[in-house]
Amino acid sequence: MRYLIKYAKNSDIKFISHLDLMRTIQRTIRRAEIPVEFSKGFNPHMSLSIGQPLAVGVYSEGDYLDLVLLEEVSEEEIIKKLNENAPSGITFLEAVAVPRIEGQKKLPQAMAAIEAASYTIKFVCSNTNNIEEKFSQLLKNEKWEILKKSKSGEKLVNIKPQIKEIKYWLKDEQFILQVLVSCGSKENLSPQLLSEYIINNTDFMDKDKFVDIKRKEMYIIKNKKYVSLADYFRESK
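One point on numbering: in the working numbering, the residue at position 8 of the sequence shown is 13, and numbering is uninterrupted.
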């Protein structure tokens with residue numbers, strides 16, 4: 006039986022790597038004594054996959070993983086057992102059973118389904134004069150071009166089309182963005198790249214200060230609307 010599980014990687018463990026997070030989740034599942042399925046062969050692996058890895062330094066309240074169990078377990082029991090055995094910094098929020106229905110198309114894995122993600126990004130300001138007016142001017146630029154590095158090299162990319170929604174405001178000495186951006190295997194805009202562009206193209210950010218980035222939720226597009234992964238899989242039963 007397959008389950009989609011929503012979890013949070015809290016701020017106090019934002020600097021642990023994706024690999025360490027995976028190992029921690031696997032240990033939690035073992036401690037919880039949940040009847041998880043393993044792959045066959047000489048070196049069996051837990052049937053577990055993470056939706057979209059978080060970069061080091063980014064934390065989240067809306068991440069997802071797929072987990073396959075040998076038998077059906079209630080959604081509430083899964084979350085209860087996981088949280089009872091989870092270390093500080095990881096919170097399991099909800100589980101959605103994903104039954105295989107005869108004659109219906111198999112629902113994709115979370116990592117293949119994700120199309121967008123929302124983030125809250127907080128910058129420390131060196132100067133708060135006319136910030137909102139200056140940022141409004143930046144938004145009027147047709148292209149937001151930045152050098153993007155990949156395994157194949159570097160290339161100049163326009164990230165503006167990958168920003169689906171953007172809200173912004175000033176609070177105390179922080180400039181706060183609430184954004185919805187492309188995310189997933191088809192198209193992906195990392196919040197770090199977006200932050201880098203904004204810092205390099207404004208004069209009011211303190212470039213020496215840490216940028217606080219929190220992933221809020223992950224989405225799939227259904228009927229031209231953004232629906233959270235949990236809601237999408239629940240409605241597809």
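The C-beta atom is built at its ideal place from N, Cα and C for all residues, glycine as well.
DSSP-derived helix/strand/coil call for residue i
i	result
Glu99	strand
Leu199	helix
Exposure label - residue i; buried when at least 16 CB within 10 Å
i	result
Ile10	buried
Phe238	buried
Ser200	buried
Leu26	buried
Leu143	exposed
Val61	exposed
Leu24	exposed
Chain B contact for residue i (CB, 8 Å cutoff)
i	result
Lys176	Included in the structure is just one protein chain, with no chain B present.
Rounded C-alpha distance that separates residue i from residue j
i	j	result
Leu72	Lys14	17 Å
Leu112	Val103	8 Å
Asp213	Glu38	45 Å
Arg36	Asn90	6 Å
Ser123	Lys169	10 Å
Glu159	Ser79	47 Å
Val216	Tyr231	26 Å
Under 8 Å between C-beta atoms of residue i and residue j
i	j	result
Tyr69	Ser16	no
Met223	Cys130	no
Ile83	Tyr8	yes
Glu66	Lys221	yes
Glu138	Leu175	no
Leu185	Ala121	yes
Gln31	Leu53	yes
Assumed close pair residue i, residue j - CB separation to whole angstroms, cut-off 8 Å
i	j	result
Asn163	Lys148	5 Å
Ile119	Cys188	6 Å
Residue i beta carbon near the ligand SAM (any heavy atom closer than 7 Å)
i	result
Asn205	This structure simply doesn't include the ligand SAM, nor any ligand for that matter.
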